[in-house]
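First up is the structure itself, then whatever we jot down about it.
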Amino acid sequence: VAVAFLDTPPKDLPRIEQMAAAGCGYWKRAAAGEAFYTEATDHYGCPIGAYTHGIGLPEEQGAELEDVIGTMVKLEYLEMQEVAGIPRREEPFNVVGYAPLAETTFEPDVVLVRGNARQMMVLAEAAHAAGVACQSSMVGRPTCAAIPEVIQSGLSATNLGCIGNRVYTELGDDELYFAFAGLQLEDIVKRLSVIVNANKQLETYHRERVS
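Note that full-length UniProt numbering has the sequence shown beginning at 1, numbered continuously upward.
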């Protein structure tokens, strides 16, 4: 999925017709083939996602954000001091475009890939070979924080997903995410074919040793 923070709505993209329960729900729709853009109000359904995307919240949604964080702290899901370290966009928010990567008409700021552990292994190896290996924890909560994380770091990110994301996107129990900046797409794709071939050759070698 291609994601881009844009100054103005692309002329060839419609605005999303119905607000999702969470911003990551838009990932699912783009992965299913839709291309669209959202405005700030389209993210009010998920105060946490709005926070990571740098969207200012009205009083009601701001109070909900505090309540949700308070609940997470109370449940010992996270500690209050962790909140300040959650990646967040600092630039002004105008609109954000979403599209299947193969069909996008805009330059992506971030590319999001979901898949199984083996697929993510190969992608991570390609990113390493391209010089943008992930250096952060795979437990990146909330999952939507992976977007500002890769934009700000210029590196890739492997993310196990959070429980909210798994509910809103129906991410499979055996699936996780890999995210990287759109600027690295060409380099990672270039290295990907090399890594895939290397893994095939090495798998044959290792299987012969146990046969």
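Ideal placement from N, C-alpha and C gives every residue a C-beta, glycine not left out.
- The stretch 56-105 contains, as complete alpha helix (DSSP H) runs of 4+ residues, the segments 59-74 and 80-83 (chain order).
- By the Cβ test, the stretch 2-22 is not in contact with the stretch 193-208, since fewer than three Cβ pairs between them sit closer than 8 Å.
- Contact fails between the stretch 60-77 and the stretch 92-112, because fewer than three Cβ pairs, one in each stretch, are under 8 Å apart.
- The stretch 132-139 and the stretch 152-167 touch, with no fewer than 3 CB-CB distances between them shorter than 8 Å.
- Take the alpha-carbon of residue 117 and the one of residue 123: they are about 10 Å apart.
- Pairing residue 182 with residue 211, the inter-Cα distance amounts to about 42 Å.
- Residue burial is scored here from C-beta neighbours: residue 30 has at least 16 other C-beta atoms within 10 angstroms and is therefore classed as buried.
- In the three-state scheme derived from DSSP, where H, G and I count as helix and E and B as strand, residue 31 is classed as helix.
- Within 10 angstroms of the beta-carbon of residue 99 lie 16 or more other beta-carbons, which makes it buried.
- Taking the Cα positions, residue 60 is about 28 Å away from residue 14.
- Distance from the CA of residue 167 to the CA of residue 96, rounded to the nearest whole angstrom, comes to 22 Å.
- Assignment of residue 113 by DSSP, reduced to helix, strand and coil, places it in the strand class.
- Collapsing the DSSP output to three states places residue 17 in coil.
- The alpha-carbon separation between residue 1 and residue 177 amounts to approximately 11 Å.
- Comparing C-alpha distances from residue 180 to each of 5, 88 and 150 shows the shortest one belongs to 150.
- Contact check for residue 86 against residue 50 fails: the beta carbons are separated by 9 Å or more.
- Following the DSSP letters along the chain, one finds residue 51 inside the alpha helix (DSSP H) bounded by residues 47-52.
- Residue 47 and residue 54 have their alpha carbons spaced roughly 10 Å apart.
- Sequence-distant partners of residue 37 (beyond 5 residues in either direction) whose C-beta falls short of 8 Å from its own C-beta, in its chain, are 6, 9, 10, 13, 14, 15, 16, 95, 96, 97 and 98.
- Sequence-distant Cβ neighbours of residue 90 in its own chain, meaning closer than 7 Å and more than five residues away, are 54.
- Annotation for residue 167: the continuous alpha helix (DSSP H) segment containing it runs 163-169.
- Annotation: the continuous alpha helix (DSSP H) that includes residue 202 extends over 185-210.
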